[in-house]
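Quick notes on the structure that follows.
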Amino acid sequence: MIKKMILEVFSIALICLALLTIKYTLPVNRQVVSDARFEVRDAVLSETANSIVDINLATAEELVVIPGVGEVIAQRIVEDRLNNGYYLAPADITRVKGIGKKTYYKMLPSIKTSRKALMIYLGY
Numbered sequence: 471m472i473k474k475m476i477l478e479v480f481s482i483a484l485i486c487l488a489l490l491t492i493k494y495t496l497p498v499n500r501q502v503v504s505d506a507r508f509e510v511r512d513a514v515l516s517e518t519a520n521s522i523v524d525i526n527l528a529t530a531e532e533l534v535v536i537p538g539v540g541e542v543i544a545q546r547i548v549e550d551r552l553n554n555g556y557y558l559a560p561a562d563i564t565r566v567k568g569i570g571k572k573t574y575y576k577m578l579p580s581i582k583t584s585r586k587a588l589m590i591y592l593g594y
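Following the numbering used here, the numbering of the sequence shown begins with 471 at its first residue and continues without gaps.
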């Protein structure tokens, strides 16, 4: 009796799995469109990831690519980092003269602070 019930439950599970597989299998032409979308998305993400600058490790030349940062501000960031230590969070960049809320929000999508620099700063 128990074996028969287990066999029925297993059979029902296999049927459900087969139906789900059929339902979520894409036709060939739709698959090609989907792959193209993923390629575009991946290209955009990799380009965005490459434009994010670690404000703790970047040189003045690397900081210039951040929106709202010119040569003068980039040099101030490097000097501030040397005088006051690493930035623990991206918001700490506002301690630099010339970077207020407006500039900070413009910079935010393009900056990060790394764990590596934080670990060095904390002495680990």
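A virtual CB, placed ideally from N, CA and C, is assigned to each residue, including glycine.
- Task: Pick out whichever of 554, 531, 563 has its Cα sitting closest to the Cα of residue 582.
- Result: 563
- Should the region 569-577 be regarded as contacting the region 527-545, the criterion being three or more beta carbon pairs within less than 8 Å? yes
- Item | Nearest residue (CA-CA) to residue 552, options 568, 528, 535 | 528
- Quick one: Cα of residue 530 to Cα of residue 524, how far? 12 Å
- Message: With a threshold of 8 Å on Cβ separation, who are the neighbours of residue 482 within its own chain once the five nearest residues in sequence on each side are excluded?
- Response: none
- Opening and closing residue of the alpha helix (DSSP H) in which residue 550 lies: 541-554
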